[in-house]
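In terms of my numbering, the sequence shown is numbered consecutively and its last residue is 174.
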Amino acid sequence: MKLTPELETQFNDQITMEFEASLVYRQLAVEADVQDLVGMAAWLRHQADEEIVHANKFIDHVTDRDGHPHIGAIAAPEVPESPTAVQIFQAALSHEQKVSESIRNLYRACESAGDLDARPLLNWFLDEQIEEEATVSEIVGRLERVGDDGAGLLRLDDELGARPVETTENDA
3 MKLTPELETQ
13 FNDQITMEFE
23 ASLVYRQLAV
33 EADVQDLVGM
43 AAWLRHQADE
53 EIVHANKFID
63 HVTDRDGHPH
73 IGAIAAPEVP
83 ESPTAVQIFQ
93 AALSHEQKVS
103 ESIRNLYRAC
113 ESAGDLDARP
123 LLNWFLDEQI
133 EEEATVSEIV
143 GRLERVGDDG
153 AGLLRLDDEL
163 GARPVETTEN
173 DA
């Protein structure tokens, strides 16, 4: 089933949002790197790459449905200046929540239009966003618990840096 023009626009908006999320994670990785939190920076860069994989899933869906994927304008990421580690991950969580709501709105639009063909993709993304928010929320909670304890912060940094390396070419 071909996408309606309205749904194609909304899917393209989601594509743009996924690339925006990648840039937010990249900037947050820069902020962690500046503080020598190399494990957190690596984790955040991985998340940035994962967001590109997500954008590619939406691009493929639009293409497969005889649409024309389009990346819209993306503003520079807004992140706090010289953020603490907890502020870095709070910003990540806030953006994940924004992405989740956007996906829910896209799902609602598809349901309203009777577009059953989008369900498998959007159901996957709904599950993925629950996981993303839970993971980042847990990191925020652990960072809040650690507070100013340098040893605890460095332990969490090491733990996050141990995440397996993947690229945008891997399926996330």
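Don't be surprised by glycine CBs; every beta carbon is placed ideally from N, CA and C. Quick caveat, the model's predicted, so the values are computed rather than measured.
8 Å Cβ cutoff met for residue 39 and residue 88: In the sequence shown, residue 39 corresponds to position 37, counting from 1. In the sequence shown, residue 88 corresponds to position 86, counting from 1. Going by C-beta atoms, residue 39 is not nearer than 8 Å to residue 88.
Close Cβ partners of residue 91 (< 7 Å) along its chain, the five nearest in sequence each way excluded: As a working note, residue 91 is residue 89 in the sequence shown. Beyond the five residues adjoining it in sequence on each side, residue 91 comes within less than 7 Å, by CB distance, of 138, 141, 142 and 145 in the same chain, given in chain order.
CA-to-CA distance, residue 149 to residue 157, given in whole angstroms: Residue mapping note: residue 157 aligns to position 155 of the sequence shown, counting from 1. Residue mapping note: residue 149 aligns to position 147 of the sequence shown, counting from 1. Going from the Cα of residue 157 to the Cα of residue 149 covers about 13 Å.
Beta-carbon contacts of residue 41 that lie in its chain and below 6 Å, excluding the five residues immediately before and after: Translated into the one-based positions of the sequence shown, residue 41 becomes position 39. Once the five neighbours on either side are set aside, the close Cβ partners of residue 41 are 159, 160, 162 and 163.
Residue 148: CB within 7 Å of a non-hydrogen atom of the ligand SAM: The ligand content of the structure shown is nil, which means the ligand SAM is not present either.
Separation of residue 21 from residue 76, as counted between CA atoms: Along the sequence shown, one-based indexing puts residue 76 at 74. Along the sequence shown, one-based indexing puts residue 21 at 19. Distance between the alpha carbons of residue 76 and residue 21: 8 Å.
Exposure of residue 96, with buried meaning 16 or more beta-carbon neighbours within 10 Å: Taking the sequence shown and counting its residues from 1, one reaches residue 96 at position 94. If you draw a 10 Å sphere on the C-beta of residue 96, you find fewer than 16 other C-beta atoms in it, and that means exposed.
Cβ contact (3+ pairs, closer than 8 Å) linking the stretch 80 to 87 and the stretch 49 to 60: As far as the Cβ criterion goes, the stretch 80 to 87 does not touch the stretch 49 to 60, which means the pair count is below three.
Helix, strand or coil at residue 24 [DSSP, three-state]: Taking the sequence shown and counting its residues from 1, the one referred to as residue 24 is at position 22. Helix, per DSSP.
Backbone secondary structure at residue 119 - three-state DSSP: Position 117 of the sequence shown holds residue 119. Residue state, collapsed to three classes: helix.
Test item: CB-CB of residue 16 and residue 111 under 8 Å: Translated into the one-based positions of the sequence shown, residue 16 becomes position 14. Translated into the one-based positions of the sequence shown, residue 111 becomes position 109. Not closer than 8 Å, so no.
Residue 151 burial status per 10 Å Cβ neighbour count (16 or more: buried): Against the sequence shown, residue 151 aligns to sequence position 149. Its Cβ having fewer than 16 others within 10 Å, residue 151 is exposed.
From 94, 115, 134 and 127, residue whose alpha carbon lies closest to that of residue 26: Counted from its first residue, the sequence shown places residue 26 at position 24. The shortest Cα separation from residue 26 among 94, 115, 134 and 127 belongs to 94.
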